[in-house]
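In what follows, a single structure is set out as structure tokens and then discussed.
Numbering (our numbering), first residue to last: 536 to 760.
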């Protein structure tokens, strides 16, 4: 199965399930942004977890790190539902550290993607290593760093971080946003990123600089000859 992940931001259960049914054969992973589902209930969460297992990624945050609408108590209920499943739960280090701490303290068996998103810039080496150290205390399944690349040097630095994590035996998702960061999505996919986020159309992108699935497939075919 490929490492392509489809971001799904739909306002209803019916649209989420329709999107999953339409695309699950083409994608290795499907990422459901739960805070956008207006009629979200436990039945949908259980259904998706049973249907997709470790191919399901759930996200509570909103685009551009806008405030989450779902109360913390409700998020914790969903996390408890997902305990013991192979579902990947993407939690933001800045803003969702409380959930990660609760998972640790309650002994929940959650496959955490510990994330750091920076939509303005790419942090310096000391900042990145501090971020990774903070992530490590929550024993994440996957370390995720997605930052805005203002220059080609930013993209090269992110790829160096990727190679550091790879050498350390970590699972990771290292991605650069923006035009200068596109190269990280291509080489990151080739060099071990657990997921690469590729919408069907640009309008459904969940971050700037994402290539569509057809674009990524075309690039990979050309590179592999």
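Heads up, the beta-carbon is just placed ideally off N, CA and C, and yes, glycines get one too. Predicted model only: the values in this text are computed from it and were never measured.
For residue i, the first and last residue of its enclosing beta strand (DSSP E)
i, result
"residue 711", "707 to 712"
"residue 577", "Not the beta strand (DSSP E): residue 577 falls in the alpha helix (DSSP H), residues 577 to 587."
"residue 566", "564 to 568"
"residue 758", "Not the beta strand (DSSP E): residue 758 falls in the alpha helix (DSSP H), residues 748 to 759."
Backbone secondary structure at residue i - three-state DSSP
i, result
"residue 606", "coil"
"residue 734", "coil"
"residue 648", "strand"
"residue 574", "coil"
"residue 696", "helix"
"residue 762", "Nothing can be reported for residue 762: it is not among the residues displayed for the chain, which extend from 536 to 760."
"residue 729", "coil"
"residue 616", "helix"
"residue 629", "coil"
Alpha helix (DSSP H) segment containing residue i, residue limits
i, result
"residue 722", "717 to 726"
"residue 555", "548 to 558"
"residue 641", "632 to 641"
Close Cβ partners of residue i (< 8 Å) along its chain, the five nearest in sequence each way excluded
i, result
"residue 572", "545, 546, 547, 548, 551, 579"
"residue 537", "562, 563"
"residue 670", "628, 649, 651, 678"
Backbone CA spacing between residue i and residue j [nearest angstrom]
i, j, result
"residue 733", "residue 576", "27 Å"
"residue 747", "residue 736", "6 Å"
"residue 714", "residue 655", "13 Å"
"residue 699", "residue 554", "36 Å"
"residue 750", "residue 720", "11 Å"
"residue 630", "residue 603", "9 Å"
"residue 758", "residue 692", "22 Å"
Residue i: CB within 8 Å of a non-hydrogen atom of the ligand ATP
i, result
"residue 605", "Among the components of this structure there are no ligands whatsoever, and the ligand ATP is therefore not found."
Beta-carbon contacts of residue i that lie in its chain and below 6 Å, excluding the five residues immediately before and after
i, result
"residue 744", "712, 713, 716, 717"
"residue 589", "621"
"residue 742", "712"
Query - Residue ranges of each beta strand (DSSP E) within the segment 654 to 687, 3 or longer - result: Whole beta strand (DSSP E) segments, 3+ residues: 677 to 683.
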